[in-house]
Structure formats: structure tokens, C-alpha cells
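And the structure:
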């Protein structure tokens, strides 16, 4: 299991806040929903991550309230894990638990972060998808703990009835992602590492806030974030992606939409918003060139100025609530505001994150 001691995490946090140019509850209580607080004073370093040996050790038996409001009792420290959701799988890798995974969700070979950080996971049995979970196959793996998404709450209940503890997670925004990380850290006796993961993200958010604080409103570009399956789907103000744009010093073109899921819009609406920048999801089914050459977008400021970008997806989709999601804001800030947030410094932060939590260098390819 990688990096049992978290001394390297303190170094990573120090890096996160020193790039000057870019500027335990009771067992039965729900996991906390906020990241460790970053400093509010300009220039003051954010708190360093907690070292694992200083974190409270989990005592078993343990009863937790998961993100579906279910009470789950874990009798002893889990040794065999099953994850039926890519976000929980990625979280478990970040917590150093990849060697304890016995089964994961389907289509694991579409997740570059698995191949780069723990390629052995690609050989594990699949337990299906949120639409077709393999309950029997999961039970055959004899897990001590199963982690499932909210869509599989009924499967979690079925497992519980059969004596297998199953936690439901619902990391649909940054606060819920933080809560999920702390929940899994508590359940698996890796709270120190979970706290370090959140502290890294909090330090980056504080760094970006400081670096971009001097931007005038007119210098914060309007960005249209297009969905992965359809250019005419976008994220409204209630979605995780809206926070990503804000942290990166941008304004969401679709801020007036209150949908909690991807909203369908029209070309007429996109033209009315007339965004300064169009940002494609990392796994978009269409290309930057196709958008630039789309006659329906003629006259759109972003297209006319050639400011159509695509979020990188070489490790994972930063435009979704994954453990490395803060890196989407780090990358986008460097793309939109290179003077305040130079690209080289963004790459240092990205490399530091993956070297610390996933044991690979992002820039090494």
C-alpha cells in the first residue's frame, strides 16, 4: 500500500501555497461536509495536511451514516473492498487502498487514472453498472465493505440484508465529494489521508482566490461549458462545474439555469449568451475543430476569436467531482489568466497531486 506515512503530503501542501506568482465526530454522526478551512488572510499559508500517524484511528465496531442517510455498521477494519462507482474507486486509490480492492465497476479500461496509478485494477472482476449491478458477482468476492453510488441504494440495502456492509456515496458537488472522502476514510481507517486530500484541494482554492482577487469583473471571461455527449448541454449554477468556473476566475454563461443536472439549450441561447470562451468537457464526443467550424455558431465571440478549449482528460475528467477535480480549476485558471497563474506553476501543482496521491507523474505522459 503506497505512502503509508503522509510526510510527503505536507510538502505537497507547502508547494501549493508557496507558488507566489499565482498569487472526528461521533461514530453515528454523518461525515463532515466541508473541507479543512483555508486561511482567509492574503498571503498566509493554508493549513498543512495532517500526517497519518497524527490522525484519529478508527475504532471498530463502527456505525456511520452514509450519503443516503442509511446507518451502516462495520464490525472490523475492512480488508476486502468492492467499489461499484468510478468516483469511489478513485477515492479508494487516493486513500492508498488499491491493493484491497477485489472488484470494481464496469468499463474500468475507460479510466486512464487506473492504468496510470494501479493497472492491476484493470484485471479485477466487474460488478456491473448503476443500471445493471451484479449482486451475485459482488457477493462471490466476499467483500468486507462495498461502496456504491446513490443510484444503487436498493442494491446496498440488499447487501446489508445479506450481512455485507455497504456505504452509499453521492459526490455530486465539492461539499459532497469532501464528505464522501471523509466517510470512506473513517470507514477504512485512513482518515489522515482523507484529510490530507481535502487539505490539498483547500490550499489550491485559497491560492487561486488570492491570485485572482485583483481581477476586475470585466477581466473574468464568460465561459460556456459544453457537455460530453452534446454541445447543446451545459451546467447551470447548481452544478459542480459552476464552482470550477468560479474558482478559475470565470463567469458561467449558464449561471441563470438552476437545473441540478445537465440542461438542454439551443444554438440561439448560446449565441444570446455570446461567451468569451467555449470549454468542452474532457471526454466530449466532438472536437474543438468541429465547434470552430460549426456554421450555427457563426458570430459567436468565442468562435470568432478562436477561444474554444477542451479540458484535459489524460488522467481523469477534472470537469466532474473526482478527487482531483480541483486540478480543473488550476488548469483553467492558467489557460484564462496566464499572467496571474502561469502554466508552468499549474503543471507543478498537477504533478505534485498525482505523485503524492497516485504515485505517477502527470507530465511524464
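In mature numbering (1 follows the signal peptide of the UniProt record, and there is no 0), the protein residues as written are -20 to -1, 1 to 345. For every residue, glycine included, the Cβ atom is placed at its ideal position computed from N, Cα and C.
Rounded C-alpha distance that separates residue 342 from residue 294: 8 Å
Backbone secondary structure at residue 265 - three-state DSSP: coil
Length at least 4, wholly inside the segment 38 to 99: the alpha helix (DSSP H) runs in chain order: 66 to 74 and 92 to 97
Taking Cβ positions, are residue 337 and residue 177 nearer each other than 8 Å? yes
Helix, strand or coil: how does DSSP classify residue 343 here? helix
Got a sec, what are the start and stop residues for the beta strand (DSSP E) residue 204 sits in? 202 to 206
In three-state DSSP terms, what is residue 106? strand
List the residues that DSSP assigns as beta-bridge partners of residue 214. 206 and 243
For residue 195, three-class secondary structure by DSSP: coil
Rounded separation between residue 207 and residue 62 - CA only: 29 Å
Neighbourhood of residue 89 by C-beta distance below 8 Å, restricted to the same chain and skipping five residues each side: 95 and 102
Straight-line Cα distance separating residue 145 from residue 114: 16 Å
For residue 129, which of helix, strand or coil comes out of DSSP? strand
Going by the beta-carbon positions, is the gap between residue 65 and residue 127 smaller than 8 Å? yes
Quick check on the burial criterion: 16 or more other C-beta atoms within 10 angstroms. Buried or exposed for residue 304? buried
Who are the Cβ neighbours of residue 212 in its own chain at under 8 Å, not counting the five residues just before and after it? 206, 244, 245, 246, 247 and 250
Just grab the DSSP bridge partners of residue 144 for me. DSSP output for residue 144 lists no bridge partner at all.
Tell me which same chain residues have a C-beta within less than 8 Å of the C-beta of residue 283, skipping the five on either side of it? 258, 271, 272, 274 and 277
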